Amino acid sequence: MRKADLVNAISEKTGVAKVDVLVSLEALFKEIKTTLQGGENVYVRGFGSFIIKKRAKKIGRHIKKGKAIEIPEHFIPSFKPAKVFVEQVKKNVTTLPEDESED
14 MRKADLVNAI SEKTGVAKVD VLVSLEALFK EIKTTLQGGE NVYVRGFGSF
64 IIKKRAKKIG RHIKKGKAIE IPEHFIPSFK PAKVFVEQVK KNVTTLPEDE
114 SED
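Under my numbering, the first residue of the sequence shown carries the number 14, and numbering increases by one thereafter.
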């Protein structure tokens, strides 16, 4: 499902105009990004948490040059689904569509 499909589905289920749904969805995404950039996590009960993970510094390799390089510590965004959400998916999904399966 793409963002346009999500907007269409929400619009059909709620009766709200697609443009209003799109604006709300974009505002949600922007607020989550801004909050994470500010160093704060976002918790949505029953859905999951958007959290910041710290990656320690490590030694990597520059493949073309064959040299070791130091990758400094950095922070990355991550999503951790809620237990309720995970259980619902486990209970209801039996197979993935062909084009979305992980090979």
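Here a beta-carbon is modelled for each residue, glycine too, at the ideal position from N, C-alpha and C.
Keep in mind it's a predicted model, so treat the numbers as computed, not measured.
Per DSSP, cross-strand counterpart(s) of Gly-61: Val-57, Pro-94, per the DSSP bridge assignment.
Residues near Phe-60 in its chain [Cβ-Cβ closer than 8 Å; skip 5 each side]: Scanning its chain for C-beta atoms nearer than 8 Å, with the 5 sequence neighbours on each side dropped, one finds around Phe-60 the residues Pro-94, Ala-95, Phe-98, in chain order.
The beta strand (DSSP E) enclosing Ile-82, as first and last residue numbers: Run containing Ile-82: 80–84, per the beta strand (DSSP E) assignment.
Exposure of Val-34, with buried meaning 16 or more beta-carbon neighbours within 10 Å: Val-34 should be labelled buried.
Per-residue DSSP class, three states only, for Ile-89: When DSSP states are grouped into helix, strand and coil, Ile-89 belongs to the strand group.
Beta-carbon gap between Pro-85 and Lys-70 smaller than 8 Å: Taking 8 Å as the Cβ cut-off, Pro-85 and Lys-70 qualify as a contacting pair.
Which residues DSSP lists as bridging Arg-74, in chain order: According to DSSP, which records beta bridges pairwise, Arg-74 is partnered with Ala-81.
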